[in-house]
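Remarks on the structure that follows.
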Amino acid sequence: GGVVYSDIITTVSRTYAQEITTPSSGEGLDGLMCARRRNLYGIINGLDYQMFDPKADPYIDHPFSKDDLAEGKSINKRMLQKQLGFAEDDSIMMIGMVTRMTNQKGLELVESVLDELLANARIQIVALGTGQANFENMFRHYAWKYEDKLSANIYYSEELAHKIYAACDAFLMPSLFEPCGLSQLMSLRYGTLPIVRETGGLKDTVEPYNEFEKTGTGFSFSNYNAHEMLATVRYAERIYYDRKRDWNKMIDRAMSQD
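Under the numbering used here, the residues of the sequence shown are numbered 80 to 337, in order.
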């Protein structure tokens with residue numbers, strides 16, 4: 080009734096506004112959304128730029144900006160590595176996940192390839208969140224198996240979340256669907272490059288890296304496929320280690336997003 084009699088209908092990203100006119104994402108309302116398409120809009124969510132400000136964040140160990148990015152990231156990374164019991168080495172690529180551990184957030188994909196990813200990569204992964212027991216236990220198991228590469232924090236902490244955004248090099252968000260998403264916006268703000276699936280607001284807010292045109296603010300993949308996600312993480316890892324200048328320019332573009 081609300082949709083039928085409204086003058087304007089809005090949701091939280093342009094792509095999601097299109098997605099809800101399809102049977103796969105319309106939850107039974109796709110026919111109605113199609114009928115009201117001329118009055119249906121998507122407006123991206125925003126962040127509180129005072130609460131999420133790397134220059135003045137009380138939760139992080141070392142405030143930083145684009146002007147002192149290298150030093151700021153290095154200090155925050157080493158402090159978080161020390162807190163988590165990792166090797167303190169700021170040259171190692173660190174990937175963060177702050178998420179509800181549910182199917183919607185793409186944890187099925189992570190579950191399928193996490194063992195392969197950790198076994199054959201020079202990376203550290205820090206995960207924070209709670210949710211379905213099978214995913215919580217999956218993270219606990221691999222944190223036990225790869226204690227030097229994975230930290231599983233099965234609870235929620237605002238302080239640790241901010242530290243993850245500030246310290247990590249990349250942020251993994253392979254959602255099945257995502258009306259807008261806030262974590263990727265926070266990651267961009269802190270110069271932590273998002274690795275996302277192209278759905279909803281993730282597609283609208285993260286421009287995929289183009290190594291030929293030297294553009295982009297992160298990395299993305301289109302299909303809900305675990306090995307496509309794995310290949311994208313591997314690609315990001317290669318750019319991090321082999322093309323550091325391109326990586327740093329991407330961080331500059333990411334932190335310049337509004």
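We put the beta carbon where it would ideally sit given N, CA and C, even for glycine.
In this text, all values refer to a predicted model and were calculated from it rather than measured experimentally.
Which residue comes first and which comes last in the beta strand (DSSP E) that contains residue i?
| i | result |
| --- | --- |
| PHE300 | 298 to 300 |
| ARG276 | 272 to 276 |
| GLN203 | 202 to 207 |
| ASN232 | 229 to 232 |
| MET176 | 172 to 177 |
| GLY121 | 119 to 121 |
| LEU251 | 249 to 252 |
| MET88 | The sequence shown places Ile at residue 88, not Met. Per DSSP, ILE88 belongs to the beta strand (DSSP E) from 88 to 90. |
Measure the C-alpha to C-alpha separation of residue i and residue j and round it to an integer number of angstroms.
| i | j | result |
| --- | --- | --- |
| ASN338 | LEU255 | The shown model of the chain, from 80 to 337, leaves out residue 338, and the question about it has no answer. |
| GLY81 | ILE88 | 9 Å |
| CYS259 | VAL285 | 11 Å |
| PRO253 | LEU239 | 21 Å |
| MET329 | VAL83 | 43 Å |
| ILE122 | ASP248 | 28 Å |
| GLY110 | GLU98 | 12 Å |
| ASP146 | ARG117 | 44 Å |
| PRO273 | MET112 | 30 Å |
| SER262 | GLU237 | 12 Å |
| TYR234 | VAL275 | 23 Å |
| SER85 | LEU119 | 10 Å |
| THR90 | GLU167 | 43 Å |
| THR278 | ILE174 | 20 Å |
| LYS242 | TYR138 | 7 Å |
| GLU195 | TYR221 | 11 Å |
| LYS382 | ASP321 | As displayed, the chain neither begins before 80 nor continues past 337, which places residue 382 out of reach and without an answer. |
Measure how close the beta-carbons of residue i and residue j come, nearest whole angstrom, since I'm counting them as under 8 Å.
| i | j | result |
| --- | --- | --- |
| VAL177 | LEU207 | 5 Å |
| MET158 | ASP136 | So it is not a contact: roughly 13 Å between Cβ atoms. |
| GLY280 | ASN155 | Contact flag wrong, Cβ pair sits at about 26 Å. |
| THR94 | LYS323 | Incorrect: roughly 31 Å between the Cβ atoms, too far for contact. |
| ASP227 | PHE165 | 7 Å |
| ALA305 | LEU188 | 4 Å |
Checking contacts by CB at 8 Å: is residue i closer than that to chain B?
| i | result |
| --- | --- |
| ILE99 | Looking at the structure shown, chain B is missing, and only one protein chain is on hand. |
For residue i, which residues from the same chain have a beta carbon less than 7 Å from its beta carbon, with the 5 sequence-adjacent residues on both sides left out?
| i | result |
| --- | --- |
| ALA200 | GLU316 |
| MET265 | LEU126, PHE131 and TYR244 |
| TYR314 | PHE298 |
| LEU186 | MET180 and PHE214 |
Nearest by alpha-carbon distance to residue i: which of the options is it?
| i | options | result |
| --- | --- | --- |
| TYR303 | LEU163, SER191 and THR94 | SER191 |
| TYR225 | LEU163, MET158 and HIS306 | LEU163 |
| ALA310 | THR90, LEU251 and ALA166 | LEU251 |
| TRP223 | TYR95, LEU188 and ILE204 | ILE204 |
| GLU290 | LYS184, TYR319, HIS306 and PHE165 | TYR319 |
| ALA231 | GLU215, THR294 and GLY270 | GLU215 |
| GLN336 | GLU257, PHE165, ARG268 and GLY297 | ARG268 |
| TRP404 | HIS220, LEU148, PHE218 and MET217 | Absent from the model: residue 404. The displayed extent of the chain is 80 to 337, so no value can be given. |
| ALA246 | ILE171, GLU106, ARG115 and GLN129 | ILE171 |
| GLU257 | ARG332, GLN211 and LYS184 | LYS184 |
| TYR288 | ALA212, ARG115 and VAL312 | VAL312 |
Which stretch, first to last residue, makes up the alpha helix (DSSP H) that contains residue i?
| i | result |
| --- | --- |
| ASN327 | 323 to 334 |
| SER214 | Before going on, a small fix: residue 214 reads as Phe here, not Ser. Here the alpha helix (DSSP H) through PHE214 covers 212 to 224. |
| GLY280 | 279 to 284 |
| TYR240 | As written in the sequence, residue 240 is Ala, which differs from the Tyr given in the question. ALA240 -> alpha helix (DSSP H) spans 237 to 246. |
| ILE154 | 148 to 163 |
| THR94 | 93 to 98 |
| LEU264 | 262 to 268 |
| TYR84 | 81 to 84 |
| ASP194 | 186 to 198 |
| ALA114 | 109 to 114 |
Got a sec? Which residues, its chain only, sit under 6 Å from residue i by beta carbon, not counting five neighbours each side?
| i | result |
| --- | --- |
| GLY151 | HIS141 and PHE143 |
| MET334 | LYS145 and GLY270 |
| ASP169 | SER153, LYS156 and ARG157 |
| MET217 | GLU190 |
Below 8 Å CB to CB, which residues in the same chain sit around residue i once its five sequence neighbours on both sides are set aside?
| i | result |
| --- | --- |
| THR209 | ARG179, MET180, GLU215, ILE233, TYR234 and TYR235 |
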